[in-house]
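Residue numbers (the UniProt record's numbering): 1 to 550.
Quick reminder that beta carbons are idealized off the backbone N, C-alpha and C, glycines included.
Computed from a prediction, not measured in an experiment: that's the story for all the values here.
Okay, so here's the structure we're looking at.
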């Protein structure tokens, strides 16, 4: 006879299946098989007896990886320390962090954040949402984020980055950008303004955003939201003052800092501040500033390799800027020179072809019988003022017997080609080698890439900007900057182990990782398991120890 047997061993109950039979007048065990602990068997039996089940998949990998950063940064607590909202439902910190996580993972409008949130594992680490959670709720909470409050929050974050994350603040990159919007502002709204659009959308109102980012990890540590009609140079002289105050508050000596910025930010007032502070800087200047150095030929430069393997030649000179001498570096790039030459020749040949195509059937017909009209048309087709230096044309003949010739002036062209391939860098750093200056200036591409992430629809996605007031615009951009900070901190962490893995690749791999939750009908218990993922995603999951969140 087959039956179930219980055995209690050290207080735990275990189950066995065995068969007994009468042998020689005695009950004898024929065989016995161990089944397992009683509690586990009950659970398995319950699932087997209730075959009806539902499977829910939750976004798991990227939310958990970013949540690790949020907790280490104590981001929710920092925001709450400076926003005096009475204790009810979600705090301001919860609202802002959820919006920032949404920008990182799957950017949506504020009205759709709740629906997105419920499809992630984040609900385990946030209070239940028992009140309204829509765009109006965010508009109400953005009012807590005044420029002064945002400054205090950034200072605390800045200190945490130095102390808890070991971020090096010795080199910062600065650059401003702007975003076109479809906002038609009311009279009391100051941020959306017509200005010089960096995306060539000149008919739309713009909102500006400036960033200071670290060389160590490309982390955005300081930002400013400003009206879109403020020129870069005018903004920079104010941002320099803000930077000096920030450095003082976080305990960084301004004389230990090197700031890298672009030539569009240069102004006499900014250099007055920089020279007085003793801060080191690297910037570029327009080649026309030193026309005497434009004629330096390629044979004057000795090509050296940058860390990325690309070759450049560098010559060092002195240059007086706003009353003070600085180091001037003339950088020769053969690849740049080749590209500039090819591009210029192509444009000149295109204009010449346009002239020839225009007069192929029209010359000496109707109005084009007049030599003056022909010359005027040629000039209108060439159009660009500089092109007249390298294109030769002549118009001859009399009325109805007009002739013209047009070609590239090779002598003038060759002279101009000698000036190509050069860029000019300016610095006051006393000990950095010329090659180090060039390499550090080129690292500014990391800041340009940060702006690209912010404008990318599938990543941070600053647009569409469904906001109409200064408070909401400022709050929305603050969540975008916080989102960028979380992603760059995550990338910095991952690249210590996987050096070649870029931010987009990290996001792509972690986005693969979902959690499948199987729930059986009539049971409160469920089975949780990560879905099948790629090898890269699996390695990332192990490195970040994501299974601890299951």
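Return the CA-CA distance between residue i and residue j, expressed in angstroms with no decimal places.
i, j, result
"residue 34", "residue 15", "6 Å"
"residue 73", "residue 416", "54 Å"
"residue 322", "residue 328", "14 Å"
"residue 80", "residue 316", "51 Å"
"residue 209", "residue 291", "34 Å"
"residue 369", "residue 339", "40 Å"
"residue 324", "residue 66", "46 Å"
"residue 287", "residue 413", "18 Å"
"residue 392", "residue 294", "23 Å"
"residue 160", "residue 132", "32 Å"
"residue 346", "residue 326", "37 Å"
"residue 478", "residue 274", "27 Å"
"residue 519", "residue 529", "12 Å"
"residue 138", "residue 305", "51 Å"
"residue 255", "residue 425", "20 Å"
"residue 375", "residue 240", "51 Å"
"residue 155", "residue 461", "25 Å"
"residue 538", "residue 504", "17 Å"
"residue 476", "residue 152", "17 Å"
"residue 259", "residue 309", "24 Å"
"residue 180", "residue 449", "18 Å"
"residue 185", "residue 400", "58 Å"
"residue 112", "residue 289", "52 Å"
"residue 47", "residue 531", "Low confidence applies here, because residue 47 scores a pLDDT of 48, under 50, leaving its location unreliable; read the following figure in that light. C-alpha separation (whole angstroms): 20 Å."
"residue 551", "residue 198", "The shown model of the chain, from 1 to 550, leaves out residue 551, and the question about it has no answer."
"residue 348", "residue 403", "21 Å"
"residue 4", "residue 52", "27 Å"
"residue 444", "residue 533", "35 Å"
"residue 314", "residue 212", "27 Å"
Reducing DSSP to helix, strand and coil, say where residue i ends up.
i, result
"residue 14", "strand"
"residue 400", "coil"
"residue 489", "helix"
"residue 21", "strand"
"residue 281", "strand"
"residue 534", "coil"
"residue 324", "strand"
"residue 496", "coil"
"residue 513", "coil"
"residue 309", "coil"
"residue 78", "helix"
"residue 559", "With the chain running from 1 to 550 in the structure shown, residue 559 is simply not present."
"residue 472", "helix"
"residue 286", "coil"
"residue 549", "helix"
"residue 47", "The pLDDT assigned to residue 47 is 48, lower than 50, so where the model puts this residue is not dependable; a value taken from the coordinates is nonetheless given after this. Helix."
"residue 394", "strand"
Would you call residue i buried or exposed, if buried means 16 or more other Cβ atoms sit within 10 Å of its Cβ?
i, result
"residue 12", "exposed"
"residue 120", "buried"
"residue 75", "buried"
"residue 182", "exposed"
"residue 163", "exposed"
"residue 261", "buried"
"residue 396", "exposed"
"residue 379", "exposed"
"residue 253", "exposed"
"residue 232", "buried"
"residue 224", "buried"
Please work out which residues of its chain come closer than 6 Å, Cβ to Cβ, to residue i, disregarding the five sequence neighbours upstream and downstream, and give them in chain order.
i, result
"residue 471", "142 and 143"
"residue 62", "105, 510 and 511"
"residue 406", "352, 355 and 393"
"residue 32", "16 and 18"
Can you name, in chain order, every residue of its own chain whose Cβ lies under 8 Å from the Cβ of residue i, other than the five neighbours on each side?
i, result
"residue 354", "381"
"residue 157", "73, 75, 78, 221 and 485"
"residue 466", "109, 110 and 135"
"residue 320", "326"
"residue 129", "89, 90, 114 and 117"
"residue 37", "12, 13, 14 and 15"
"residue 20", "1, 3, 27, 28, 29 and 30"
Please list, in chain order, all residues of the same chain as residue i whose beta carbon is under 7 Å from its beta carbon, the five residues on each side excluded.
i, result
"residue 193", "205, 206, 227, 228 and 229"
"residue 125", "67"
"residue 372", "none"
"residue 170", "256, 257 and 258"
"residue 527", "518"
Answer with yes or no whether the minimum CB distance from residue i to chain B is below 8 Å.
i, result
"residue 261", "This model lacks chain B altogether, as it is built from one protein chain only."
Q) Enumerated in chain order, which unbroken segments of the alpha helix (DSSP H) with a length of 4 residues or greater are wholly contained in the segment 331 to 382? A) 334 to 359 and 371 to 382
Q. What beta strand (DSSP E) runs, 3 residues minimum, are completely inside the segment 145 to 190?
A. 171 to 181
Q: Note down, one range per segment and in chain order, each alpha helix (DSSP H) of at least 4 residues found wholly within the segment 179 to 265.
A: 232 to 250
Q. Which residue spans inside the segment 81 to 153 form an unbroken alpha helix (DSSP H) run of at least 4?
A. 92 to 105, 113 to 117 and 135 to 142
Q: Would you list, in sequence order, the uninterrupted alpha helix (DSSP H) runs of no fewer than 4 residues that lie entirely inside the segment 396 to 468?
A: 410 to 417, 434 to 442 and 445 to 455
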